[in-house]
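Colleague: The structure is given below, and queries will be raised subsequently.
Residue numbers (my numbering): 15 to 343.
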């Protein structure tokens with residue numbers, strides 16, 4: 015099984031791609047090859063590049079290890095999320111590119127573990143994560159962003175704690191750590207985001223504590239139905255985390271996402287059989303739609319702004335879409 019936390023239950027070593035997805039991935043690899051030749055790269059590109067090559071060719075062709083060593087390590091050898099040249103492209107980010115967020119630590123750890131690299135040292139990664147455990151129980155690097163957890167993106171918090179717990183669990187969690195993580199996960203109310211709840215359940219599973227899930231967990235699945243599949247959140251239900259008031263979303267358009275569909279399926283495993291069956295039925299219909307329109311994975315847009323909020327297609331979305339088609343067709 016070769017998978018990644020973002021796309022639960024997807025094994026890229028056995029994944030069958032539809033032709034349009036295969037062509038898209040090959041074009042994407044060519045595009046980032048050009049960027050990397052100019053020293054512009056991110057850790058997210060590296061993990062997706064590795065997974066793409068495994069899907070397409072059955073093995074890793076590019077020297078990602080060398081790229082990471084040259085461009086994505088700081089002077090002390092700590093993992094970086096972005097190369098200096100990549101950071102120059104980000105708006106008002108030129109002086110902030112040198113950072114080590116949890117997702118960068120996890121991605122480097124995953125790649126080193128996959129490569130069986132001599133550079134793979136579980137203790138160094140464990141130490142990095144341990145230093146990022148906050149008194150509240152959340153895991154994040156305050157040197158990257160001092161944002162109050164109350165106003166941090168819920169998906170980011172849940173993803174980071176899940177990544178951190180996985181790394182720590184490689185050598186066994188200390189009981190005090192386990193209790194701390196269980197406390198924050200069980201005391202955090204339902205977030206309203208499929209991704210956040212999927213990562214919460216993944217972490218609780220690693221802690222053998224799924225009984226601590228919100229008792230209303232299944233409600234989010236129905237709320238997040240969108241178009242042919244699922245959106246990460248319900249546009250109508252969005253609330254400002256700081257003010258506690260409803261956000262102005264009257265003209266925001268919910269979009270379906272293959273990744274969100276996988277997250278809904280993962281959450282449903284911890285819900286009633288009726289919910290599981292409803293999600294499976296919707297995924298079967300979504301698979302039919304994606305078979306007919308394999309590249310219909312739109313970007314989220316806000317109100318009347320024409321520029322997409324973030325990318326529309328990414329390798330992760332491609333993997334998720336092909337997986338849904340091949341397992342539900």
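Backbone N, C-alpha and C fix where the C-beta goes; we use that ideal spot for every residue, glycine too. Just so we're clear, the structure is a prediction, and the values are computed from it rather than from any experiment.
1) Could you tell me which residues DSSP puts in a beta bridge with residue 92?
2) Going straight from the alpha carbon of residue 101 to that of residue 125, what length do you get?
3) Below 8 angstroms CB to CB, which residues in the same chain sit around residue 140 once its five sequence neighbours on both sides are set aside?
4) Give me the Cα-Cα distance between residue 228 and residue 219, rounded to the nearest whole angstrom.
5) From this set, 79, 225, 269, 58, which residue's C-alpha is nearest residue 127's C-alpha?
6) Looking only at its chain, what residues have a beta carbon closer than 6 angstroms to the beta carbon of residue 93, apart from the 5 residues adjacent to it on each side?
7) I'd like the span of the alpha helix (DSSP H) that includes residue 33, first residue to last.
8) First and last residue of the alpha helix (DSSP H) that includes residue 8?
9) According to the Cβ coordinates, are residue 197 and residue 172 closer than 8 angstroms?
10) Excluding the 5 residues flanking residue 285 on each side, which residues of the same chain have their C-beta closer than 8 angstroms to its C-beta?
11) Considering Cα atoms alone, identify which of 243, 247, 202 is closest to residue 299.
12) Comparing alpha-carbon positions, which option in 176, 178, 23, 62 lies nearest residue 39?
13) When DSSP labels each residue in this structure, what does residue 18 get in the three-state scheme?
14) Can you say whether residue 308 is buried or exposed, counting buried as having 16 or more other CB atoms within 10 angstroms of its CB?
Modeller: The relevant details are as follows:
1) Answer by DSSP bridge pairing: none, since residue 92 is not bridged.
2) 22 angstroms
3) 181, 182, 184, 185
4) 14 angstroms
5) 79
6) 114, 118, 119, 122
7) 33 to 51
8) Because the chain is modelled from 15 through 343, residue 8 falls outside the range shown and cannot be assessed.
9) no
10) 231, 232, 235
11) 243
12) 62
13) coil
14) buried
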